[in-house]
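**Q** Pasting in a structure now, in structure tokens, and then I'll have a few things to ask.
Residue numbers (our numbering), protein chains in the order written: chain A, 75 to 744; chain B, 197 to 415; chain C, 118 to 365.
Pasting the structure below:
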């Protein structure tokens, strides 16, 4: 099948408006006869479900958590971008579009990204109208901050809990529809398979986690808003339950999986403390507004710090290497995430790491505390403030900005980040890859849509900070409600989709057989045992820097691990009641397939772009020497993989990316 | 309006308002008793007024009795309801970690105060009612001080009164301050109100103890 | 360190549960409480036993999924943290630790330490929203300036993660802190004020219908709340409710 991205005709700025003007609508009376399933209730799923229900469709939502409000969007900290230009610093839709395409290293679709920028302002309006308490200035107007990779302040925020506030906003919109009976929420349910009838997505098979019951649910369209697959690395900033099952099941039923190797490794996470570690905690990128990143200049100092003989605060200014400021004077500590992460890895690999494991760098707020303290002393009318006063005032300012993050850090690490620099290290955070979708967010299966992190569309090879919230809500509030209507306009005469058909029988039988197979494995090793092994392979061979030899080895190792898993996994308990190990096993089984495709995709893409860094593709000379080398000649395309059984047999389809409005440049932050 | 009677918040407010009313009564009662320490005449005069004024006797007294009964009945009803909101109890419950003893044991301090009220009614109120309305004795405006002194001769009774006042203090320490929260007062004056309420909760019972001991040692 | 865990085990909602002893060795200070339970579960699984079931997801203190009454306190002895952020350095070698589900009739046990908190969702369904459609042309976000103090207070109330610690800590199993946080968030913002009277009445009615106990102002909820939601919110809700009821 040839990929048709269905990008509307016309100039970039008019495409979305033109498209909306031309698409089919469903009249209100008919909407009442149409069902839509939304899987996942994060920002994309929650907002889509609420908006579709407002329009009049009958919506069923599914989430594995005990409440829609717990989806992992809730953990997003820093903020949400919007081209409101409230600061008057020259922002515009075009500039947001440009920054996002550039930040994504020219691997995203122009038209999608422009639409994203175009609706970004609406998102803020909508959320404020819902009662989302964004941070405000003393004048009562909305405050902004700046994020990595851009030169304007366009990020709206609610302290370090922006994701929480936005998700609760979407959840409140859902609640209104649940109260009206327009949304039926199926919580503690996991989607096990997608059901196709005559080639169209017409329902899902879900497992009720409490009873273990396998249920059939039909609909005229299915939206997958199931988030990313960062947990393929075992350790990531994702929630413990975040998984790829729904997307992978759809992939196995015919949806192409795009750019699986594009993974965002976030530079500022709390470093790993030991083998018991179950997850990694992010420290918001917003901290890089005020924190300066450094390692010791001399290896012997780093050594002494690692051994606990030297404290970072004892190190003189001249003995510190603020390596981001040194290497990237224009953007300094605010370079995009992929650049900051690689730079940290480079320093640590070279022996300058500062914690026990040698895998940590400092994020230091001493300078900011001084600066804010002096400023605050001035504005408070304190002449000749003492050093202690300055520190106190400065720490208060920092606390107001990042208090909850500092508290979180102190609880985990047991060190006071106001007094001693934070230790941070990159960790898997976000996956830009996902189900391939066209301009309408439809996958290659008609009637099956993918939104938010679950799709691949807007971030290219690297996502800029504060863009994930924007994309999730744009998809759910402002894109899907239109584009699904266009598709459903053909379904007004279809009537309710029956679930007693052979297609549902077959899908349910497949699901039950798979569960049976898992339960009947020999029972040697726990699910976590396999998950951790997979994670190690992924991190070591498909992590921050990749090469052909390692990737080929990874594919083989994952394949072998998968075979071992199916033979020897140990799942106690029974399948027909609550069984958390069975749930985990189903997810890990899919990660074991995705991981291999991930490596295959990374192997195929022999260029460095965004979060994907190939050691074979590096600038050899000039100012950019040692930086990532993109290869637009050969790789200016989206890799969309078609399922053909074993992941190594997957077939590559290329969607060429056409840039009509942006000139492709080397991404320089120097 | 009909929903309000059954709602948890309305009940909570009713508890607070009846409690505040009783606090006000307590203050009034204390003021009159305090005069007995300084002047026999003043005490007799005030008691005579309260004991014979028809407004006090036939309007305020029934209202007070209703207030007391309401506060207790509502207190018991809520305690039973609240207790049954968690039918399986914790094997280990560390209530002291997050709430004061007073706040967690209002029912016990309340029962102690109720028991004391029984004694108090038996001591003063019942004889008074019998004296005035059953035996219809003629009013002697100077009888009150003597009756008061007479009651505090017994060290046992005096001790019981003192213990009861300690429970009253414990009850007030949580109850008085918390009634403001219940009726929705929580603003910049709250810290001051809390301090005042706590001081009141200690000062008034201590004052009552003082009066009891004063008469015990000065009869 | 070496610990003795006393954990509530219950097969399902209908079965009777009991406390079971599990000695556990090799616990490290840097582990989170849930990672300590992971270690126990790994051992149980390898012995062919069913692992202890508990709710958890984000493990960074924001999703509100994790619960656990630890030594008689929700989320354990530390303050302003959820169980997933509680670290083992809060305990000593040789300690006995009671681990029980959050208890309230409105939070029935699902299995072991997992409880059903859907009562919270139903309270939110009753009125925890502003009735605004997703039109793409609501008024500009900056059209109504909002006093910073009110915006900040609304935000503080809105940080509630819905974990249920307030109910678990309260001797009356009252859900007032949770309900009042949502009521307050909207009552403090002009966008929410339009429906404020109906909202508070609907949400309180639902709260009562779920079988939560009554608030007696012990303040345990505020102390145990991992997000430090203030008791002020309860006073505000009482006010809102009274004025809504009086105005009819």
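For each residue, glycine too, the CB sits at the ideal point set by N, CA and C.
Using C-beta distances below 6 Å, list every residue in its chain close to residue 197 of chain B, excluding the 5 sequence neighbours before and after it, in chain order.
**A** Working through the second chain from its first residue, we reach residue 197 of chain B at position 1. Confidence at residue 197 of chain B is low in this model, with a pLDDT of 42, below 50, so the placement of that residue is unreliable and no value is reported for it.
**Q** Going by beta carbon distance, what residues of the same chain come within less than 7 Å of residue 282 of chain C, once the five residues before and after it are set aside?
**A** Position 165 of the third chain holds residue 282 of chain C. The residues are 191, 192, 341, 342 and 343.
**Q** Going by beta-carbon coordinates alone, are residue 386 of chain A and residue 428 of chain A separated by less than 8 Å?
**A** In the first chain, counting from the first residue as 1, residue 386 of chain A sits at position 312. In the first chain, counting from the first residue as 1, residue 428 of chain A sits at position 354. Yes, the Cβ-Cβ distance between residue 386 of chain A and residue 428 of chain A is below 8 Å.
**Q** Taking the C-alpha atoms as reference points, what is the distance between residue 717 of chain A and residue 246 of chain C?
**A** The sequence position of residue 717 of chain A within the first chain is 643, counting from 1. The sequence position of residue 246 of chain C within the third chain is 129, counting from 1. Cα-Cα distance, rounded: 42 Å.
**Q** Should residue 517 of chain A go down as buried or exposed, given a rule of 16 or more other Cβ atoms within 10 Å for buried?
**A** As a position in the first chain, residue 517 of chain A is number 443, starting the count at 1. That one is buried.
**Q** Excluding the 5 residues preceding and the 5 following residue 724 of chain A in the sequence, name in chain order all residues of the same chain whose CB lies nearer than 7 Å to its CB.
**A** The sequence position of residue 724 of chain A within the first chain is 650, counting from 1. Once the five neighbours on either side are set aside, the close Cβ partners of residue 724 of chain A are 671, 674, 715, 716, 717 and 718.
**Q** Over what stretch of residues does the alpha helix (DSSP H) that includes residue 202 of chain C continue unbroken?
**A** Translated into the one-based positions of the third chain, residue 202 of chain C becomes position 85. No alpha helix (DSSP H) contains residue 202 of chain C, which DSSP labels as neither H nor E.
**Q** Compute the Euclidean distance between the alpha carbons of residue 346 of chain C and residue 299 of chain C, then round it to the nearest angstrom.
**A** The residue you call residue 346 of chain C lines up with position 229 of the third chain. The residue you call residue 299 of chain C lines up with position 182 of the third chain. When rounded, the distance between both Cα atoms is 11 Å.
**Q** Taking only runs that begin and end inside the stretch 131-194 of chain C, name each unbroken alpha helix (DSSP H) of 4 or more residues, in chain order.
**A** Listed in chain order, the complete alpha helix (DSSP H) runs (minimum 4 residues) inside the stretch 131-194 of chain C are 150-163.
**Q** Three-state secondary structure (DSSP) at residue 736 of chain A?
**A** In the first chain, counting from the first residue as 1, residue 736 of chain A sits at position 662. Residue 736 of chain A falls in the coil class under three-state DSSP.
**Q** With a threshold of 6 Å on Cβ separation, who are the neighbours of residue 511 of chain A within its own chain once the five nearest residues in sequence on each side are excluded?
**A** Here the question's residue 511 of chain A lines up with position 437 in the first chain. Hits under 6 Å: 517, 524, 529 and 531.
**Q** At the 8 Å Cβ level, is residue 316 of chain C part of the contact set with chain A, yes or no?
**A** In the third chain, the residue the question calls residue 316 of chain C occupies position 199. No, no contact with chain A.
**Q** My output table needs one value for residue 197 of chain B: the three-state DSSP class, helix, strand or coil.
**A** Here residue 197 of chain B refers to the residue found at position 1 of the second chain. Residue placement at residue 197 of chain B cannot be trusted, given a pLDDT of 42 that sits under 50; the coordinates are not used to answer.
**Q** When you compare the stretch 726-741 of chain A with the stretch 177-194 of chain A, are there three or more beta-carbon pairs, one atom per stretch, that lie closer than 8 Å?
**A** Touching, per the Cβ criterion.
**Q** Within 10 angstroms of the Cβ of residue 281 of chain B, are there 16 or more other Cβ atoms? Answer buried if so, exposed if not.
**A** One-based indexing of the second chain puts residue 281 of chain B at position 85. Answer is buried; the Cβ neighbour count reaches 16.
**Q** How big is the Cα-Cα spacing for residue 275 of chain A and residue 179 of chain C?
**A** Position 201 of the first chain, counting from 1, holds the residue named residue 275 of chain A. Position 62 of the third chain, counting from 1, holds the residue named residue 179 of chain C. Straight-line Cα distance between these residues: approximately 34 Å.
**Q** Using the Cα positions of residue 399 of chain B and residue 314 of chain C, report the straight-line distance between them to the nearest angstrom.
**A** Counting from one through the second chain, the residue named residue 399 of chain B turns up at place 203. Counting from one through the third chain, the residue named residue 314 of chain C turns up at place 197. Approximately 40 Å between the Cα atoms of the pair.
**Q** Count the other CB atoms, across all protein chains shown, that sit within 10 Å of the CB of residue 700 of chain A; report buried if there are 16 or more and exposed otherwise.
**A** Numbered from its first residue, the first chain carries residue 700 of chain A at position 626. So residue 700 of chain A ends up on the exposed side.
**Q** Measuring alpha carbon to alpha carbon, tell me which of B:350, B:241 and B:206 ends up nearest residue 336 of chain B.
**A** Sequence index remark: in the second chain, residue 336 of chain B carries index 140 (1-based). Among B:350, B:241 and B:206, the Cα nearest to that of residue 336 of chain B belongs to B:241.
**Q** Residue 224 of chain B lies in the alpha helix (DSSP H); which residues open and close that run?
**A** Looking up residue 224 of chain B in the second chain gives position 28. 204-234 is the extent of the alpha helix (DSSP H) around residue 224 of chain B.
**Q** Okay, do the stretch 255-263 of chain C and the stretch 330-338 of chain C touch, 3+ Cβ pairs below 8 Å being the bar?
**A** No contact exists between the stretch 255-263 of chain C and the stretch 330-338 of chain C.
**Q** Run down chain A in chain order and give the residues with a C-beta less than 9 Å from the C-beta of residue 225 of chain C.
**A** Reading the third chain from its first residue, position 108 is the one you call residue 225 of chain C. Under the 9 Å cutoff, chain A gives no residues; its nearest Cβ is about 11 Å from residue 225 of chain C.
**Q** Grouping DSSP H, G and I as helix and E and B as strand, with all else coil, what is residue 719 of chain A?
**A** For the purposes of this step, residue 719 of chain A is taken as residue 645 along the first chain, with counting starting at 1. Three-state result, residue 719 of chain A: coil.
**Q** Please name the residue, chosen from B:346, B:338, B:316 and B:364, that lies closest to residue 412 of chain B on a Cα-to-Cα basis.
**A** Translated into positions along the second chain, residue 412 of chain B becomes position 216. Considering only alpha carbons, the answer is B:346.
**Q** DSSP three-state call for residue 703 of chain A: helix, strand or coil?
**A** For the purposes of this step, residue 703 of chain A is taken as residue 629 along the first chain, with counting starting at 1. Residue 703 of chain A: coil per DSSP, three-state reduction.
**Q** At the level of alpha carbons, what is the spacing between residue 623 of chain A and residue 689 of chain A?
**A** Start at 1 with the first residue of the first chain, and residue 623 of chain A comes out as number 549. Start at 1 with the first residue of the first chain, and residue 689 of chain A comes out as number 615. Approximately 11 Å, taken between the alpha carbons.
**Q** For residue 206 of chain C and residue 146 of chain C, which I take to be in contact (beta-carbon distance under 8 Å), what is that distance rounded to the nearest angstrom?
**A** The residue you call residue 206 of chain C lines up with position 89 of the third chain. The residue you call residue 146 of chain C lines up with position 29 of the third chain. Confirmed, about 4 Å.
**Q** Which first and last residues belong to the alpha helix (DSSP H) in which residue 421 of chain A is found?
**A** The residue you call residue 421 of chain A lines up with position 347 of the first chain. Its alpha helix (DSSP H) spans residues 411-421.
**Q** How far does the alpha helix (DSSP H) with residue 586 of chain A in it extend, from its first residue to its last?
**A** By one-based count along the first chain, residue 586 of chain A stands at place 512. It spans 576-593 - the alpha helix (DSSP H) in which residue 586 of chain A sits, taken as one unbroken run.
**Q** At the 8 Å Cβ level, is residue 552 of chain A part of the contact set with chain C, yes or no?
**A** As a working mapping, residue 552 of chain A is identified with position 478 in the first chain. Judged by the 8 Å Cβ criterion, residue 552 of chain A is in contact with chain C.
**Q** Which ranges would you report for the alpha helix (DSSP H) in the stretch 353-380 of chain B if only whole runs of at least 4 residues count?
**A** None, since the stretch 353-380 of chain B contains no complete alpha helix (DSSP H) of that length.
**Q** In angstroms with no decimal places, state the Cα-to-Cα distance between residue 73 of chain A and residue 262 of chain C.
**A** Residue coverage of chain A in this structure runs from 75 to 744, which leaves residue 73 of chain A outside it and unanswerable.
**Q** Just curious, the beta strand (DSSP E) that residue 500 of chain A is in, first and last residue?
**A** Here residue 500 of chain A is taken as the residue at index 426 of the first chain, counted from 1. Unbroken beta strand (DSSP E) run through residue 500 of chain A: 496-505.
**Q** Does the stretch 154-163 of chain A come into contact with the stretch 308-322 of chain A, if we say contact requires no fewer than three beta-carbon pairs (one atom in each stretch) closer than 8 Å?
**A** Flag = no, the stretch 154-163 of chain A and the stretch 308-322 of chain A do not touch.
**Q** Does residue 338 of chain C come out as helix, strand or coil in the three-state DSSP assignment?
**A** Stepping through the third chain from its first residue, residue 338 of chain C is reached at position 221. Three-state result, residue 338 of chain C: helix.
**Q** Kindly confirm or deny that the stretch 553-572 of chain A and the stretch 97-111 of chain A touch, where touching means at least three C-beta pairs closer than 8 Å.
**A** Yes, the stretch 553-572 of chain A touches the stretch 97-111 of chain A.
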